[in-house]
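Notes follow once the structure below has been shown.
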């Protein structure tokens, strides 16, 4: 039985640092100008780490679980490397090593009895969208152009953000921001 209709959609996302975000906003703006795409309201550049549905009554419990997971989790480095696309009309920056994100998503298994995976599952190949919902002709032209472009940046993920929305047509709202331990922190891995 699909419980999505009576549940809230939650997204776990990570934002790049300020310097990388500025470069990504320039890329989005260049794309819109080059291809004549009208700007739409969208979130700042981000990575969707996971998406799922849960009853709003579970929100307090979800926040507690995520707080525990994040309080023990270390920040991690993300590298963005060149462009690719999804046939649904999305041009994006690739993340060649998704292992840190996959590791984080694996820790969500403690919640699996209380959540329903999002439409693409708990995990989808992570990326940062430059443009989405493009018609087929524009997508194919842009993908051909962008497959020859070079982009290389990296940033440290220091926090995970939980967002929610009640239906696909409403704006997302921030529920909680969860800090991660500094990368390389082995405080809890040492034996006394």
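Numbering (the working numbering), first residue to last: 152 to 343. Even for Gly, the Cβ is constructed at its ideal location relative to N, Cα and C.
In the DSSP assignment, what residue or residues form a beta bridge with residue i?
| i | result |
| --- | --- |
| residue 236 | 242 |
| residue 306 | 229 |
| residue 163 | 201, 313 |
| residue 325 | 314 |
Could you have a look at residue i and say whether DSSP puts it in helix, strand or coil?
| i | result |
| --- | --- |
| residue 333 | coil |
| residue 316 | strand |
| residue 298 | coil |
| residue 290 | helix |
What does a CB cutoff of less than 6 Å around residue i pick up in its chain, not counting 5 residues either side in sequence?
| i | result |
| --- | --- |
| residue 160 | 204, 316 |
| residue 168 | 306 |
| residue 280 | 241, 243 |
| residue 262 | 216 |
| residue 176 | none |
Cutting at 8 Å between CB atoms, please list the residues of its own chain near residue i, excluding the five before and the five after it.
| i | result |
| --- | --- |
| residue 228 | 251, 305, 306, 307, 308, 334 |
| residue 179 | 196, 281, 282 |
| residue 292 | 186 |
| residue 238 | 290 |
Could you name the residues of the same chain whose beta carbon sits closer than 7 Å to that of residue i, not counting the 5 residues immediately before and after it, in chain order?
| i | result |
| --- | --- |
| residue 342 | Its pLDDT being 49, under 50, residue 342 is placed unreliably in this model, and the value from its coordinates should be taken loosely. Once the five neighbours on either side are set aside, residue 342 has no close Cβ partner at all. |
| residue 183 | 190 |
| residue 325 | 312, 314 |
Legend entry - In chain order, each beta strand (DSSP E) run of at least 3 residues that lies wholly inside the stretch 168-233: 198-205, 227-232
Legend entry - Three-pair Cβ contact test at 8 Å for the stretch 202-216 versus the stretch 237-252: no
Legend entry - Uninterrupted alpha helix (DSSP H) stretches inside the stretch 249-287 (no shorter than 4 residues): 250-257
Inset, instruction - Kindly confirm or deny that the stretch 189-208 and the stretch 294-303 touch, where touching means at least three C-beta pairs closer than 8 Å. - result: no
Legend entry - Contact between the stretch 215-234 and the stretch 312-332 (3+ Cβ pairs under 8 Å): yes
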